[in-house]
Amino acid sequence: MTAQTPARLGPATAMEDATPAPPCAIVIFGAAGDLAKRLLIPALYNLAARGLLSDRFAIVGVSRNAMSDEAFRAAIGEGLREFATEAVVPGVADALLGRLFHVAGDFADAETCRRLRDRLAVATTRFETDGNALFYLATPPSAFGPIVRNLGAAGLVREEGGAWRRVIVEKPFGTDLPSARNLNAELLTVLGEQQIYRIDHYLGKETVQNIMVARFANGLFEPLWNRNHIDHVQITVAETVSVEHRGRFYDATGALRDMVPNHLFQLLALTAMEPPTCFDADAVHTEKAKVFDAVHRFTPDEVGTHVVRAQYGAGAVKGKPVTAYRAASDVAADSHTETYVAMLLHIDNWRWAGVPFYLRTGKSLAARRTEIAIKFKQAPYSLFRNTPVERLAQNFLVVGVQPDEAIALQFNAKVPGPRLRIEGVRMVMEYKDYFNAAPSTGYETLIYDCMMGDATQFQRADYVEAGWSVVQPILDAWRARPGDGLAAYAAGSEGPREADDLLARDGRRWRSVA
Ligand code: BG6
């Protein structure tokens with residue numbers, strides 16, 4: 005706890021006692037794109053710096069841009085220096101860059117995969133990667149199906165002679181329930197389910213992985229973790245970033261599709277799931293799937309009363325002026341796309357019946373904060389009715405995911421002194437006090453897991469579809485009434501008033517994001 009010097013309870017970093025991944029080649033489709041530059045290459049660098057990549061390792065980038073291996077290495081090197089999350093050690097960076105190859109071509113063109121096959125063969129021989137290959141689809145979702153078909157046709161995903169072939173599929177996994185089902189069906193015509201790694205980078209974050217550990221490795225929380233003791237749950241993913249340069253993607257996507265069936269639902273599932281029988285991919289996935297099966301599906305009328313959509317107008321985030329969403333580049337001037345969504349969900353099962361789950365996410369908000377706040381039922385006040393105590397603070401257990409990596413418990417304590425006074429206090433466990441691990445985006449952990457063949461922190465087809473089926477009634481209702489009920493909030497605020505009303509109706513309030 006904060007008051008004393010914390011004892012070290014475990015290894016200083018999550019990965020320092022891990023073994024290097026097996027030899028392999030990573031093929032990145034979309035290697036010149038934003039995701040590769042900002043997140044994937046820095047993640048691979050971090051793995052290399054920690055000795056977690058095999059010495060027998062190569063990267064083949066596929067992009068539309070015609071460029072030589074040398075030009076590609078220079079571009080990736082520049083991106084790495086700009087986006088690295090840790091200090092770049094020249095020796096490590098050079099060793100990584102020296103293993104890069106580039107293949108140019110259209111993702112939908114079968115010829116690209118034939119050329120890739122030849123380059124991959126060169127990389128495999130030169131760096132002795134044993135024929136293992138991880139294909140990372142860091143492309144727009146429309147390219148997922150064609151790429152996998154072409155990989156299949158080029159014989160690149162056949163697992164022969166003990167070598168493995170795996171495919172990481174980025175989000176968004178579909179844009180609604182039918183498209184997610186089609187994509188799953190399409191991938192499964194070429195790949196076995198055990199070859200498909202549907203990524204959600206939130207599952208690679210240490211604080212997210214710790215939710216299951218906190219719940220199931222302690223005897224303390226679980227007895228209280230149910231409708232008898234919990235009043236409600238608030239799940240918040242608040243961002244300060246605006247749409248920035250992603251207008252084209254974002255205006256066609258919106259906050260609901262971009263954040264809810266993936267990141268917020270992962271947090272929901274980890275909070276609400278039953279204990280799995282063991283810590284193995286299928287057992288964990290099965291319990292998560294049951295949560296989504298139990299979520300009450302909205303009727304069209306309930307979408308109007310239980311879901312708030314809003315768009316930011318001009319304002320200032322942390323003192324910096326932000327123009328209105330509709331003025332951002334590649335955004336339609338009359339866009340109805342939501343940049344904020346809040347909703348009230350119910351989980352109709354024995355553990356959670358009657359406990360509201362309030363979810364919210366938005367861009368250009370007052371602060372960056374991802375947290376799960378569990379509000380326990382109020383203690384009876386009767387004991388204090390003839391004392392000066394006027395009210396009790398609320399009991400919250402707050403799991404801070406980012407930027408505050410912490411678990412905090414809020415409870416009541418007596419204020420020292422002769423009069424009976426009670427005040428809310430906080431007991432806080434901060435990761436940085438115990439563990440010497442820099443916050444990670446989640447990508448390195450997940451790429452490493454995939455190379456190790458561990459799919460626990462990836463998503464299974466059934467629960468991706470179950471997640472979409474929860475949001476599908478919202479998409480249907482919004483499509484039927486475009487723009488109807490779209491609320492507004494100023495950039496830099498806590499969100500729209502309508503989201504406050506959603507809780508106020510039930511006599512509750514959001515925790516402040518700031
Ligand atoms: C991405 C979304 O999946 O997650 C972005 O497309 C969002 O819009 C991002 O900003 C948030 O991730 P993180 O790790 O910064 O919380």
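Going left to right, the sequence shown walks through residues 5 to 518 as my numbering numbers them. For every residue, glycine included, the Cβ atom is placed at its ideal position computed from N, Cα and C.
Any non-hydrogen atom of the ligand BG6 closer than 7 Å to residue i Cβ
| i | result |
| --- | --- |
| D38 | no |
| T445 | yes |
| E243 | yes |
| D262 | yes |
| T374 | yes |
| H205 | yes |
| H340 | no |
| H267 | yes |
| Q463 | no |
| Q406 | yes |
Integer-rounded CB distance, given that residue j should sit under 8 Å from residue i
| i | j | result |
| --- | --- | --- |
| G366 | A481 | Actually they do not touch by this definition, with Cβ atoms about 19 Å apart. |
| Y493 | A320 | Y493 to A320, Cβ: 13 Å. No contact. |
| E278 | E291 | 5 Å |
| T128 | F61 | Actually they are not in contact, since the Cβ atoms of T128 and F61 sit about 11 Å apart, beyond 8 Å. |
| V475 | P265 | 5 Å |
| W499 | R330 | Sequence check: residue 499 is Gly here, not Trp. About 18 Å; that fails the 8 Å criterion. |
| E427 | A465 | About 50 Å separates the two Cβ atoms, so there is no contact after all. |
| R231 | F225 | Not confirmed; about 15 Å, so no contact. |
Check: residue i C-beta below 7 Å from any heavy atom of the ligand PLP
| i | result |
| --- | --- |
| K175 | Annotation note on the ligand PLP: not contained in the displayed structure, which lists the ligand BG6 as its ligands. |
Element boundaries [alpha helix (DSSP H), containing residue i]
| i | result |
| --- | --- |
| Y344 | Careful: Y344 lies outside any alpha helix (DSSP H), inside the beta strand (DSSP E) at Y344 to L349. |
| H289 | A285 to A298 |
| G256 | Here residue 256 turns out to be Ala, not Gly, going by the sequence shown. Per DSSP, A256 belongs to no alpha helix (DSSP H) and is neither H nor E. |
| Q238 | Here Q238 belongs to no alpha helix (DSSP H); instead the beta strand (DSSP E) covers I234 to A242. |
| K436 | Y435 to Y438 |
| R152 | It is worth fixing the name first, because residue 152 is Val in this sequence and not Arg. Here the alpha helix (DSSP H) through V152 covers F148 to A157. |
| Y467 | A465 to A484 |
| Y493 | Taken as a continuous stretch (DSSP letters only), Y493 belongs to no alpha helix (DSSP H), being part of the beta strand (DSSP E) at A491 to A494. |
Minimum C-alpha distance to residue i - residue among the options
| i | options | result |
| --- | --- | --- |
| A142 | V171, C282 and T309 | V171 |
| R185 | E469, P176, G457 and E498 | E469 |
| T460 | G487, G511, L274 and H340 | L274 |
| L104 | Y447, I63, V402 and M455 | I63 |
| A495 | K41, R464, A125 and A332 | A332 |
| P145 | V419, G178, L48 and N214 | G178 |
| R425 | D488, E394 and D113 | E394 |
| Q414 | V403, A189 and A157 | V403 |
| L51 | R355, V92 and G37 | V92 |
| H205 | S473, D453, V475 and P477 | D453 |
| G323 | P280, Q406 and T244 | T244 |
| W356 | D510, L272 and C282 | L272 |
| A147 | A137, D110 and G166 | D110 |
| Q270 | G251, S72 and Q213 | Q213 |
| R1 | R42, V107 and G102 | No answer is possible for residue 1: the residues shown for the chain start at 5 and end at 518. |
| M263 | A346, T89 and T449 | A346 |
| F283 | D180, T343 and D458 | D458 |
First through last residue of the beta strand (DSSP E) which encompasses residue i
| i | result |
| --- | --- |
| G404 | F400 to Q406 |
| H340 | Counting along the chain, H340 falls outside any beta strand (DSSP E), and DSSP gives it neither H nor E. |
| D113 | Unbroken run through D113: none, as it is neither H nor E. |
| L141 | A137 to L141 |
| L369 | Looking at the DSSP string, L369 is not in any beta strand (DSSP E), and its letter there is neither H nor E. |
| Q414 | A410 to K418 |
| Y536 | Since the first and last residues shown for the chain are 5 and 518, residue 536 lies out of range. |
| C28 | C28 to F33 |
| I172 | R169 to V173 |
| F76 | Looking at the DSSP string, F76 is not in any beta strand (DSSP E); the run it does join, the alpha helix (DSSP H), is D73 to F87. |
Any chain B beta carbon closer than 8 Å to residue i
| i | result |
| --- | --- |
| G489 | The structure shown contains no chain B; it is built from a single protein chain. |
Below 8 Å, can you find three or more Cβ-Cβ pairs linking the segment 503-511 to the segment 367-375? no
Under 8 Å: do the segment 32-48 and the segment 64-80 share three or more Cβ pairs, one atom per stretch? yes
Per the contact definition of three or more C-beta pairs closer than 8 Å, is the segment 200-207 in contact with the segment 163-180? Yes, they touch.
Between the segment 431-445 and the segment 259-266, do at least 3 Cβ pairs fall closer than 8 Å? Under the Cβ criterion (8 Å, minimum of three pairs), the segment 431-445 does not count as touching the segment 259-266.
Does the count of Cβ pairs from the segment 378-392 and the segment 220-237 closer than 8 Å reach three? yes
Are three or more beta carbon pairs between the segment 297-311 and the segment 349-365 nearer than 8 Å? With the cut-off at 8 Å, the segment 297-311 and the segment 349-365 touch.
With a threshold of 8 Å, are at least 3 pairs of Cβ atoms found where one atom belongs to the segment 329-344 and the other to the segment 474-491? yes
Contact the segment 149-159 vs the segment 105-120: 3+ CB pairs below 8 Å: yes
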